Amino acid sequence: MRSQTVAAGLAASLLLALAACTVADALKVAVLAAGDECSEGGTDCALSALQTRRAPVKSSCGRLGSHHGSMDCGEGVPLCGVLVLETGRGTGAYRHPAPVVHGLWPQVGNYGNSKCLAPTHSTDPDTVHSCYAQEGGSHSQLLGFQRHEWTRHGVCAGVDSAADYFAQVCALADGPLRVMAGARAAGHDLVETAEALQRAGHCVWKTDTHAQVELSACAGRDGRWRLAAIADFPRVCGGRWAPTPPPALPLRPIGAPTAPSPRAGQCVRGRHGPPCGGDGDCAGASGCLRCAHSGFCTDVPK
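Residue numbers (mature numbering (1 follows the signal peptide of the UniProt record, and there is no 0)): -26 to -1, 1 to 276.
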């Protein structure tokens, strides 16, 4: 009888020890996920972080992985798109030690019904902005990548200038990148990182094969981009959109010769072709093969 009592006591002690280890491990994960806020390792802070880590996903974001097809900006919303962030867990150029920003992409053409609104000032970027200043990249490489993002996506974002575009990109990315850094430190995979972003209120449109996360965003007539759930686009960025009407054509005197019709748009290597909303819009343009993600016809095949 005594040996049975001793064995039972040892078993109970072992269970308590295992439970303590489980709690300790959970607290360590919580501290890592909380980042600088738990730098002193306080138990209260760690418990708070653990509760945040387990908090339910905000309902306005929608279920992760539920978005398919093209993006719908919603009524009265002129611009919508995605803020693309790299976790750094991809391959090749998409593999690096920390999360970084890729860019802000209006969802035009086949990707969504966002308008392609040209910038007020169309000069190319001439400065490497803070969120693009990756360690190990040369100034010319980083500036070249920014120029690629500007000509591919920024020229449709309805911003004032390239400087305005990249300043907005960096401001939008700051909070999400902090969340992603905490997730990276805690050893989270791509799906867990996306879930952490949703819990923090940064709604995920989708993830991709390069281990990138795309956050839904919109902009109103003021050209100011905001991260928001797609269901909230009309509330956050809405308002009646009244595009500027085209200038009235001058009256032609009766009997005057008809001016020749302008030549159809064409695609030239290294330059945007005519604006488009789908591949069909490019069918009659000389040298054009398809409608690119930028919302312009291109001569580059898929």
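Each residue gets a CB set at the ideal place from its N, CA and C atoms; glycine is no exception.
From a predicted model like this one, the values you see are computed outputs, not experimental measurements.
Candidates Ala205, Ala191, Asp206: closest to Trp199 by CA position: As a working mapping, residue 199 is identified with position 225 in the sequence shown. Closest by alpha carbon: Ala191.
Is Gly64 close to the ligand NAD? I mean its beta-carbon at under 7 Å from any heavy atom of the ligand. Here there are no bound small molecules, and the ligand NAD is not part of this structure.
Between the alpha carbons of Cys90 and Arg173, how many angstroms are there, rounded? Here the question's residue 90 lines up with position 116 in the sequence shown. Here the question's residue 173 lines up with position 199 in the sequence shown. Answer to the nearest angstrom: the Cα atoms are 31 Å apart.
Length-filtered (4 minimum) alpha helix (DSSP H) runs lying within the stretch 146 to 180: 164 to 173
So, helix, strand or coil for Val129, using DSSP? For the purposes of this step, residue 129 is taken as residue 155 along the sequence shown, with counting starting at 1. Three-state result, Val129: helix.
Length at least 3, wholly inside the stretch 53 to 87: the beta strand (DSSP E) runs in chain order: Here the runs fully enclosed are 53 to 60, 74 to 80.
I'd like the list of long-range same chain contacts for His113, defined as Cβ closer than 8 Å, with 5 residues on each side in sequence excluded. One-based indexing of the sequence shown puts residue 113 at position 139. Answer for His113: Val102, listed in chain order.
Would you identify the three-state DSSP class for Cys211, choosing helix, strand or coil? Here residue 211 refers to the residue found at position 237 when the sequence shown is read from its first residue. Here Cys211 sits in helix by DSSP.
Identify the continuous beta strand (DSSP E) that holds Ala186 and give its terminal residues. For this step, residue 186 is matched to residue 212 along the sequence shown. Residue 186 is actually Gln in this sequence, not Ala. Unbroken beta strand (DSSP E) run through Gln186: 186 to 193.
May I have the straight-line CA-CA distance separating Lys180 from Gly39, to the nearest angstrom? Numbered from 1 along the sequence shown, position 206 holds the residue referred to as residue 180. Numbered from 1 along the sequence shown, position 65 holds the residue referred to as residue 39. Here the C-alpha atom of Lys180 lies approximately 6 Å from the C-alpha atom of Gly39.
Chain-order list of residues whose beta-carbon lies under 6 Å from that of Asp134 (same chain, five-residue window excluded): To locate residue 134, count along the sequence shown from 1; it is residue 160. Cβ neighbours of Asp134 beyond the five flanking positions: Thr94.
With DSSP collapsed to three states, give me the class of Arg28. By one-based count along the sequence shown, residue 28 stands at place 54. Residue confidence for Arg28 is low, a pLDDT of 44 falling below 50, so the modelled location carries little weight and cannot support an answer.
Do Gly132 and Gly86 have their beta-carbon atoms positioned less than 8 Å apart in this structure? Reading the sequence shown from its first residue, position 112 is the one you call residue 86. Reading the sequence shown from its first residue, position 158 is the one you call residue 132. No, the Cβ-Cβ distance between Gly86 and Gly132 is not below 8 Å.
Report the rounded CA-to-CA distance for Gly110 versus Phe119, giving the unit in angstroms. Here the question's residue 110 lines up with position 136 in the sequence shown. Here the question's residue 119 lines up with position 145 in the sequence shown. Each residue's Cα considered, the two are about 14 Å apart.
Going by DSSP, what residue range makes up the beta strand (DSSP E) through Leu201? Counted from its first residue, the sequence shown places residue 201 at position 227. 199 to 201 is the span of the beta strand (DSSP E), which, as asked, contains Leu201.
Rounded C-beta distance between Ser88 and Val129? I'm assuming under 8 Å. For the purposes of this step, residue 88 is taken as residue 114 along the sequence shown, with counting starting at 1. For the purposes of this step, residue 129 is taken as residue 155 along the sequence shown, with counting starting at 1. Wrong, their Cβ atoms sit about 13 Å apart, outside the cutoff.
Under 8 Å between C-beta atoms of Leu171 and Val187: Here residue 171 corresponds to residue number 197 of the sequence shown, with the count starting at 1. Here residue 187 corresponds to residue number 213 of the sequence shown, with the count starting at 1. At the C-beta level, Leu171 and Val187 come within 8 Å of one another.
State the DSSP-derived secondary structure class of Leu38, mapped to helix, strand or coil. Position 64 of the sequence shown, counted from the first residue, corresponds to residue 38. Leu38 falls in the coil class under three-state DSSP.
Using the rule of at least 16 other Cβ atoms within 10 Å of the residue's Cβ for burial, across every protein chain shown, is residue 282 buried or exposed? Any property of residue 282 remains undetermined from this structure, which presents the chain solely from -26 to 276.
Can you look up Gln240 in the DSSP assignment and give me helix, strand or coil? Counting from one through the sequence shown, the residue named residue 240 turns up at place 266. It is a strand residue.
If you check the beta carbons only, do His76 and Val58 fall under 8 Å apart? Within the sequence shown, the letter at position 102 stands for residue 76. Within the sequence shown, the letter at position 84 stands for residue 58. In this structure, Val58 lies closer than 8 Å to His76 by Cβ.
Can you list, in chain order, the residues of its chain with a C-beta nearer than 7 Å to that of Arg41? Leave out the 5 residues immediately preceding and following it. To locate residue 41, count along the sequence shown from 1; it is residue 67. It should be noted that the sequence gives His, not Arg, for residue 41. Cβ within range, chain order: Trp179, Lys180.
For Cys54 and Cys265, what's the separation of their Cα atoms in angstroms? For the purposes of this step, residue 54 is taken as the residue at position 80 of the sequence shown. For the purposes of this step, residue 265 is taken as the residue at position 291 of the sequence shown. Computed Cα separation, rounded: 18 Å.
Considering only C-alpha positions, which residue in the set Val51, Arg158, Val82 is nearest to Val74? Here the question's residue 74 lines up with position 100 in the sequence shown. Nearest option by C-alpha distance: Arg158.
Excluding the five sequence neighbours on either side, which residues of its own chain have a C-beta within less than 8 Å of the C-beta of Val(-21), listed in chain order? Here residue -21 refers to the residue found at position 6 of the sequence shown. Low per-residue confidence applies at Val(-21): pLDDT is 44, beneath 50, and the placement is therefore not dependable enough to give any value.
Secondary structure of Cys47, DSSP reduced to three states: Indexing the sequence shown from 1 puts residue 47 at position 73. Coil, per DSSP.
If I measure Cβ to Cβ from Tyr68 and keep anything under 8 Å in the same chain, skipping five residues before and after, which residues do I get? To locate residue 68, count along the sequence shown from 1; it is residue 94. Glu60, Gly62, His184, Ala185, Gln186.
Put Leu91 into one of helix, strand or coil per three-state DSSP. Sequence index remark: in the sequence shown, residue 91 carries index 117 (1-based). The answer is strand: DSSP assigns Leu91 an E or B state.
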